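One point on numbering: in this note's numbering, the residue at position 199 of the sequence shown is 201, and numbering is uninterrupted. All C-beta atoms in this analysis are idealised placements derived from N, C-alpha and C, irrespective of residue type, glycine included. Please read these numbers as outputs of a predicted model, since none were measured by experiment.
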Amino acid sequence: MSARSFVVETYGCQMNAHDTERITGLLLDAGYVQTLEGREPDLVVFNTCAVRENADNKLYGRLSFLAPFKKSNPEFQIAIGGCMAQKDQEEIQKRAPYVDVVFGTHNMGSLPALLERARIEEEAQIEIKESLEHFPSTLPTHRQSAFSAWLSISVGCNNTCTFCIVPSLRGMERDRKREDILAEARALVAEGVVEITLLGQNVNAYGVELGERGAFASLLKEVGSIEGLERLRFMSPHPRDFTDDVIEAMAATPTVMPHLHMPLQSGSNKVLAQMRRSYRRERYLGIIDRVRAAIPHAGITTDIIVGFPGESDEDFEQTLDIVRTARFTAAYTFQYSRRPGTPAATMPDQIDDVTMAKRYTALHALQQEISGEINAESIGARYEILVTEVADRMTGRLPDFRLVHLPLAEGARPGDIVTATITSASPNFMIADEIHELRKTRGGEATACRTEAGSAAIALGMPTLARLKEISGS
Ligand code: SF4
């Protein structure tokens, strides 16, 4: 029997995207193969998100599209994992009884066994665990990128933001052992990874569970000093736990990129209190002032929610005000979305759609203006740019994470680093017309290795992960 093929559709945040790499790794390890473009898969896995409302609509829309296919082809399987599966298992069974497997955020590792059981027993398998079975990093991973990797240092969250479903779905924060993190980081660099992003729901609270003060700052320094690593990033830090030793570690470690993505959520102290965010605007602004004093070229980005229940025009004005003062290079702005099961969902004074949309548009326009100004100030400046994509043109990221489009440089591959001067700018990206220097890195080599291994595997029809490793010799 030929190997069964699969695709994973991912909704939601970076954590989910990282979980998708683990789901992919698990399935490849279990003998599945990734579906070739244009072919129908034997299995579709949805890695869902419960944070935003339109994620459910999207999922149920996709499921009803697949339902007739499933009916005429019983061998075809559908699995649903992630936060929504953890939260809405009964709802999924009710609305889509033809789904084969529903698994939770704590038991991803069981997916291959559940799929097998569903096939043999011809019955849906629902398995949701309330607490973590394995730290996810101990599961096999198939990274999307050969040169850039996410590394989870903690899972779960001890905060109780009133709009957020994460604590009830992902549980209390669990920190991974420092030696395990360092071992994984070294292994990644040995495989050719040149950029690592440390991940956690509240990444800078790392160490609290272990009772270690300053643990996150010292971890940044230690991971950042691994020979061969070019760029180290982290997300997302919480302003409450943000301490000056982290700023000192960022400034003192050349591989830690001058970029801070720190969610603000609202500029109004009243709304922050209602969101149960335990910092106020003054603290937030104080942190970014100190970051800029220590690292003047740092780019600061953020997340902002508009239309939280009870947000008045004055509250919203406070958000616009902080956006003007902070001058973020970019802000990911969201309209508040009511999530059942969260305290904010039942708060009085929910904001109507028209007001919400008006505020969202105003905030977005202001941020676009600021991003455009900041990017325009970079015209004429020379940067080191990590190449992330090579097609008709190249795309890359500045150290502060801004996006740049570039002309092709002969021999450049994703993972290599070029030096170029910015020639024009718009709010969302910049253009550099001339490349001065190309620095080949082990990241570029790793990309080449993976591309060659991928085409060899397809040609030979032997696409398991084990076989890929044999072919690439890695
Ligand atoms: S800090 Fe707040 S928003 Fe972030 S994961 Fe924890 S509870 Fe959710």
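So residue i and residue j are supposed to be a Cβ contact under 8 angstroms. How far apart are they, rounded?
i, j, result
"GLY374", "THR331", "About 11 angstroms separates the two Cβ atoms, so there is no contact after all."
"GLY202", "ILE155", "5 angstroms"
"ALA434", "ILE424", "5 angstroms"
"GLY83", "ILE25", "7 angstroms"
"GLY288", "THR255", "The Cβ separation is near 22 angstroms, so there is no contact."
"GLN146", "GLU23", "6 angstroms"
"ALA251", "ALA219", "4 angstroms"
"THR164", "GLY27", "With 8 angstroms as the limit, THR164 and GLY27 do not qualify as a contact, their Cβ atoms being about 35 angstroms apart."
Tell me whether the beta-carbon of residue i lies closer than 8 angstroms to the beta-carbon of residue j.
i, j, result
"SER7", "TYR34", "yes"
"LEU405", "VAL420", "no"
"LEU266", "ASP305", "yes"
"ILE249", "PRO311", "no"
"GLY413", "ALA448", "no"
"GLN91", "ILE128", "yes"
"VAL505", "ILE94", "Here the chain covers residues 3 to 476 and nothing more, so residue 505 does not appear."
"GLN337", "VAL308", "yes"
"VAL258", "LEU234", "yes"
"ALA296", "ALA347", "no"
"ALA81", "GLY14", "no"
"GLU77", "ASP44", "yes"
"ALA52", "ARG279", "no"
"ASP243", "ARG292", "no"
"LYS89", "LEU171", "yes"
"TYR286", "PRO241", "yes"
"VAL46", "GLY445", "no"
"ILE437", "ALA422", "yes"
Measuring only the C-alpha atoms, how far is residue i from residue j?
i, j, result
"LEU200", "LEU408", "27 angstroms"
"PHE48", "TYR281", "35 angstroms"
"ARG1", "GLU214", "Within the shown structure, residues of the chain are numbered from 3 to 476, placing residue 1 beyond reach of any answer."
"ILE387", "ALA120", "47 angstroms"
"ALA87", "LYS131", "11 angstroms"
"PRO70", "GLU232", "49 angstroms"
"GLU125", "SER150", "39 angstroms"
"ARG41", "VAL9", "10 angstroms"
"SER474", "ARG452", "Since pLDDT at SER474 reaches only 28, below the 50 mark, its modelled position is unreliable, and the value read off the structure follows with that caveat. Answer to the nearest angstrom: the Cα atoms are 7 angstroms apart."
"GLY37", "LEU29", "With the sequence shown as reference, residue 37 is identified as Thr, and Gly is not the correct amino acid for it. Those two C-alpha atoms are separated by around 12 angstroms."
"CYS85", "MET349", "23 angstroms"
"ILE324", "ASP182", "39 angstroms"
"GLN16", "ILE381", "30 angstroms"
"GLN369", "ALA19", "26 angstroms"
"ARG283", "ALA328", "11 angstroms"
"GLY194", "GLU224", "18 angstroms"
"TYR334", "ARG361", "14 angstroms"
"GLU186", "ALA378", "39 angstroms"
Quick one: any contact between the segment 361-371 and the segment 390-403, if contact means 3 or more CB pairs under 8 angstroms? no
Segment contact, 8 angstroms Cβ cut-off, at least three pairs: the segment 167-182 with the segment 207-225: yes
With contact counted as at least three CB pairs below 8 angstroms, one residue from each stretch, are the segment 426-435 and the segment 155-164 in contact? Using a C-beta cut-off of 8 angstroms, the segment 426-435 makes no contact with the segment 155-164, since fewer than three inter-stretch Cβ pairs fall below that distance.
Runs of beta strand (DSSP E) lying entirely within the segment 374-403, each at least 3 residues, in chain order: 384-392, 396-399
Given 8 angstroms, three or more beta-carbon pairs between the segment 183-199 and the segment 107-116: no
Inspect the CB distances between the segment 307-325 and the segment 271-288 and report whether three or more fall short of 8 angstroms. yes
Quick one: complete alpha helix (DSSP H) runs, 4+ long, within the segment 80-107? DSSP assignment within the segment 80-107 yields the following whole alpha helix (DSSP H) runs of 4 residues or more, N-terminal first: 85-89, 91-97.
4-residue-minimum alpha helix (DSSP H) runs that sit fully inside the segment 192-246, ordered along the chain: 217-226
Any chance you could list the alpha helix (DSSP H) runs of at least 4 consecutive residues sitting entirely within the segment 138-191, in chain order? 168-172
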